[in-house]
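Contents: one structure, followed by commentary.
Protein chains: 2
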Amino acid sequence: MKSQKAKANVFDVAKAAGVSVATVSRAFNIPDRVGAEAREKVFNAAMQLGYSPNPAAKALRLQKSFIIGAVIPSLDYSMFARMTHAFEEQLTAAGYSVFVVTNGFDNRNMLDAVKKIVERGAEALLLVGKIEDPRLRSYLEETQIPCVTTYSYNEDPIVPSIGFDNYAATKQAVEFLIRLGHRNMAMVAGPLQGNDRQQARMRGFEETMRAHGLNDGIHIIEKSYGAAMMQGADAMRQIYYEFPDVTAVVCNADVFALSAIAECRRLGLRVPEDISVVGFDDDDYTTIFSPALTTIAVPAAEMGRHAARSLMGALTAGRRVMSARLDTQLVVRESTSVPRIAAAKISPEVA
Amino acid sequence: MKSQKAKANVFDVAKAAGVSVATVSRAFNIPDRVGAEAREKVFNAAMQLGYSPNPAAKALRLQKSFIIGAVIPSLDYSMFARMTHAFEEQLTAAGYSVFVVTNGFDNRNMLDAVKKIVERGAEALLLVGKIEDPRLRSYLEETQIPCVTTYSYNEDPIVPSIGFDNYAATKQAVEFLIRLGHRNMAMVAGPLQGNDRQQARMRGFEETMRAHGLNDGIHIIEKSYGAAMMQGADAMRQIYYEFPDVTAVVCNADVFALSAIAECRRLGLRVPEDISVVGFDDDDYTTIFSPALTTIAVPAAEMGRHAARSLMGALTAGRRVMSARLDTQLVVRESTSVPRIAAAKISPEVA
DNA sequence: CTGAAAGCGCTTACAG
DNA sequence: CTGAAAGCGCTTACAG
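Protein chains in written order, with full-length UniProt numbering: chain C, 1 to 351; chain L, 1 to 351.
Below is the structure:
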């Protein structure tokens, strides 16, 4: 009924319920330590007044904000959106709130974003990628804030990771292609600077090729993320003109792969007959594309959920955040097959 | 140097700088009202101690949290991710933080999410879709919290909207198809319950068809959002078997459209020769799909940015949030053409 | 230009 | 089981 009064606080409720503010507070936070009758009165009064505790006051008093921060490269990439979504869902259900801040793909300037979000009250952090900046590392170490990094997996004493093995995932894809008979491949990578995931995939590609003696079949094309739908096409054109012997293209993102395939169509290249293409991520779209994309499925939602649980464990039970290596999966669909035998090189024994 | 001390506060800085806490506070917030010398000392001390103001204390004292909340259906849909991204970017740059909470597509239970986010301190709100729940409406009205809803546009005295005209957008697509010669169409819609955008698009479809005397050519297929990649395919199969005369399919999401086209392939239906398909959203993927999708481009990022600015205007300058109708665009690509003339119905004059 | 002090709303020892 | 009171860290009239 009281219409214009700002907002009820503990005192208002206490007065209305005829008890002290201590009792009001206890009724909400440690109900067992309040008599049933008083508790009842408090709840009624609170309901009547539309009371809800002031989060700032609570945070100040408790030295605990119930805020968790996520610093991610971008929300525009479905995998990050998916991870963030799962993270947020899990945390919201447990009474936490999540701040998300996007920071681009270059981890070299993550420090500012992290500082900002911590200064805004985040008491735990989800990050993406390996944390290499020494200033960030020591900041995290000194500040002692529970944090976890995702998408990468590596043994790091100060920043545990809940991610997957980018190197191994790529290696698996490359070995699959080698088994199929491919000897000359190109990788379409995102910007490598400050992005350990891209770097790991590149190494996975190079070293696997080399391990199979295919030193001459290694081509790396680095593309930016802007207008991703063009980048794959650009890369494909470059491959077509500069590396005509390439029979398989390993893309570090499904968007690259799909737009590369689209470009193949324009170039008159059949996928997979003329050229095989594999992606990375396993976006939803990959299955309805034709040819359906062979790609590496990434545990995006699982990373988000797992990270959420670990961080809450750290916050509420003081548990250390444990690193976890989640699995990826090579999903073989229609965009890969045995290579065409280039006309000039047909050798009877191979047929 | 002081290593294990929790965190410096105003008193620590004041002591180190040899001034009072009032001066410390002023040095940061109203620097002109502090002598240059004192200011200097304060900044040095603060830097030394790694001081940053406690946001909870600040919020409590100022009765202002610098937190803005966004309640969106899902982050997994690229358009929402894109809007949220733009919203967040704009606000973060201005010193605000954003809480995002996802709530599913049915606005009938948005109230809880809104209450929760407000109780967590949000001082302004971005919502999605028309707010019809009377309880939510009166909550927003009483609480006087600046808020804006997106994706829908409608004159609403209590919840201004920064969105677009779903009805008109669909109407435009349908008229385009009619002009092409289509007389029998199906709409593939998301769940209509509690989703005014879907409802508006359905009305746009039905009424436009009727306005052209095509009452018999109206088919609505309602699909859920779960596993969206299946839904379009399911719908397409249903159309194929139950409404064989349909020559154009209007999908209320690109995911529906793309998976419908994929299903056409399986069904042996050529797009657009045998059947035209139009989407909604203009996802990135639509251009690399073959056929490239004719669809309705939605101003996702623009809504986010615009909403951010409006909310900040309301918060800082007390400006009322003004509704704004942003434009959509029918982007005609390859998935639409004149209809095939069903064999049984060929009439010489029409050819 | 500067400082002492009150107060934002909450929780929790401390007494009883 | 309950209450009075201190204190979390900050800002801002109010004095000077």
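Virtual Cβ for every residue (Gly too), placed ideally from N, Cα, C. Only a predicted model underlies this, so the values are computations on that prediction, with no experimental measurement involved.
Inset, instruction - Identify which residue in C:Val114, C:Val298 and C:Gly121 has its Cα closest to the Cα of residue 359 of chain C. - result: The structure shown does not extend to residue 359 of chain C, since chain C is modelled only from 1 through 351, so no value can be given for it.
Inset, instruction - Could you have a look at Thr150 of chain C and say whether DSSP puts it in helix, strand or coil? - result: Reduced to three states, the DSSP call for Thr150 of chain C is strand.
Legend entry - Host alpha helix (DSSP H) of Met47 of chain L (start-end): Note, Met47 of chain L: alpha helix (DSSP H), Ala36 to Leu49.
Inset, instruction - With distances taken Cα to Cα, identify the nearest neighbour of Ile239 of chain C among C:Gly226, C:Ser276 and C:Arg203. - result: Of the listed residues, the one whose Cα sits closest to Ile239 of chain C is C:Ser276.
Inset, instruction - In angstroms with no decimal places, state the Cα-to-Cα distance between Phe28 of chain L and Val10 of chain L. - result: Rounded to whole angstroms, Phe28 of chain L to Val10 of chain L spans 11 Å at the Cα level.
Legend entry - Where Leu214 of chain C falls: helix, strand or coil (DSSP): The three-state secondary structure of Leu214 of chain C, taken from DSSP, is coil.
Inset, instruction - Compare the Cα-Cα distances from Asp327 of chain L to each of L:Leu192, L:Val298, L:Tyr139 and L:Asn109 and report the closest residue. - result: For the residues L:Leu192, L:Val298, L:Tyr139 and L:Asn109, the minimum Cα distance to Asp327 of chain L belongs to L:Val298.
Inset, instruction - Mind the definition here: the segment 76 to 94 of chain C touches the segment 26 to 40 of chain C only if three or more C-beta pairs lie below 8 Å; say whether that holds. - result: Counting Cβ pairs under 8 Å, fewer than three are found: no touch.
Inset, instruction - Report, in whole angstroms, the separation of the C-beta atoms of Thr149 of chain L and Lys130 of chain L, which I expect to be a contact under 8 Å. - result: Here Thr149 of chain L really is in contact with Lys130 of chain L; their C-beta atoms are around 7 Å apart, less than 8 Å.
Inset, instruction - Quick one: list the residues of chain L neighbouring Asp284 of chain C, beta-carbon separation under 8 Å, in chain order. - result: Those are Ala228, Met229 and Val255, listed as they occur along chain L.
Inset, instruction - Quick one: grab the DSSP three-state call for Asp284 of chain C. - result: Looking at Asp284 of chain C - three-state DSSP - the assignment turns out to be helix.
Inset, instruction - Give the residues of chain L in contact with Thr98 of chain C, contact being defined as C-beta atoms less than 9 Å apart. - result: Checking the displayed sequence, the identity of residue 98 of chain C turns out to be Val instead of Thr. Phe99, Val100 and Val101, listed in chain order.
Legend entry - CA nearest to the CA of Arg179 of chain C, picked from C:Asp165, C:Pro339 and C:Tyr51: Just measuring C-alpha positions, the residue of C:Asp165, C:Pro339 and C:Tyr51 sitting nearest Arg179 of chain C is C:Pro339.
Legend entry - Paired residues, beta bridge with Thr295 of chain L - DSSP: Per DSSP, L:Val331.
Legend entry - Cut-off 7 Å between Cβ atoms - residues of its own chain near Asn154 of chain L, not counting five sequence neighbours on either side: Excluding positions up to five away in sequence, the list reads Lys130 and Ser161.
Legend entry - Opposing strand residues paired with Phe219 of chain C [DSSP bridges]: Checking the displayed sequence, the identity of residue 219 of chain C turns out to be His instead of Phe. For His219 of chain C, which the question treats as bridged, DSSP gives the partners C:Ala186.
Inset, instruction - Measure the alpha-carbon distance for Tyr241 of chain C versus Leu267 of chain C and round it to whole angstroms. - result: Tyr241 of chain C and Leu267 of chain C have their C-alpha atoms spaced approximately 10 Å apart.
Legend entry - 6 Å CB neighbourhood of Asn107 of chain L in its chain, flanking five on each side removed: Gly129 and Gly194, listed in sequence order.
Inset, instruction - Taking a Cβ distance cut-off of 9 Å, strictly less, list which residues of the segment 43 to 58 of chain L are near chain C, in chain order. - result: The residues in question are Gly50, Ser52, Pro53, Asn54, Pro55, Ala56, Ala57 and Lys58.
Legend entry - Ser65 of chain C burial status per 10 Å Cβ neighbour count (16 or more: buried): So Ser65 of chain C ends up on the buried side.
Legend entry - Contact list for Ser290 of chain C against chain L, beta-carbon separation under 8 Å: Neighbours of Ser290 of chain C across chain L, judged by C-beta separation under 8 Å: Ala262, Arg265 and Ser290.
Inset, instruction - Could you name the residues that DSSP lists as bridge partners for Leu326 of chain C? - result: Looking at the DSSP output, Leu326 of chain C sits in a beta bridge with C:Phe164.
Legend entry - In DSSP terms, what Leu126 of chain C is bridged to: Answer by DSSP bridge pairing, in chain order: C:Ala70 and C:Val148.
Legend entry - Contacts that Gln85 of chain L makes with chain C (C-beta to C-beta distance below 8 Å): The sequence given here places His at residue 85 of chain L; Gln does not occur at that position. Those within 8 Å of His85 of chain L in chain C are Ser74, Leu75, Asp76 and Thr102.
Inset, instruction - Quick one: give me the first and last residue of the beta strand (DSSP E) that Ser276 of chain C is part of. - result: Element bounds for Ser276 of chain C: Ser276 to Val278.
Legend entry - Phe28 of chain C (DSSP reduced to helix, strand or coil): Reduced to three states, the DSSP call for Phe28 of chain C is helix.
Inset, instruction - Put Ser78 of chain C into one of helix, strand or coil per three-state DSSP. - result: Look at Ser78 of chain C here: in three-state DSSP terms it is helix.
Legend entry - Beta bridge counterpart(s) of Ala248 of chain L as assigned by DSSP: According to DSSP, Ala248 of chain L shares a beta bridge with L:Met185 and L:Ser276.
Legend entry - Contacts around Cys264 of chain C, its chain only, beta-carbon distance under 7 Å, and the 5 residues preceding and following it disregarded: So the qualifying residues of the chain are Met236, Val271 and Ile275.
Legend entry - Reference Gly226 of chain L, options L:Pro73, L:Met47 and L:Ala45, closest by Cα: Comparing C-alpha distances from Gly226 of chain L to each of L:Pro73, L:Met47 and L:Ala45 shows the shortest one belongs to L:Pro73.
Inset, instruction - Keeping to the same chain, check which residues put their C-beta closer than 8 Å to that of Leu177 of chain C; ignore five residues upstream and five downstream. - result: Cβ neighbours of Leu177 of chain C beyond the five flanking positions: Met185, Ala248, Val250, Ser276, Val278 and Thr336.
Legend entry - Distance CB(Pro146 of chain C)-CB(Val321 of chain C) smaller than 9 Å: In this structure, Pro146 of chain C places its C-beta atom within 9 Å of the C-beta atom of Val321 of chain C.
Legend entry - Under 7 Å from the C-beta of Thr92 of chain L: neighbouring residues of chain C: Under the 7 Å cutoff, chain C gives Val101.
Legend entry - Minimum Cβ-Cβ distance from residue 359 of chain L to chain C less than 9 Å: Here chain L covers residues 1 to 351 and nothing more, so residue 359 of chain L does not appear.
Inset, instruction - Below 8 Å CB to CB, which residues in the same chain sit around Glu302 of chain L once its five sequence neighbours on both sides are set aside? - result: Ala86 and Leu326, listed in sequence order.
Inset, instruction - Output, in chain order, the set of chain L residues within a Cβ distance shorter than 9 Å of Leu258 of chain C. - result: Against Leu258 of chain C, the close residues of chain L are Tyr285, Ile288 and Phe289, in the order they occur along the chain (beta-carbon pairs closer than 9 Å).
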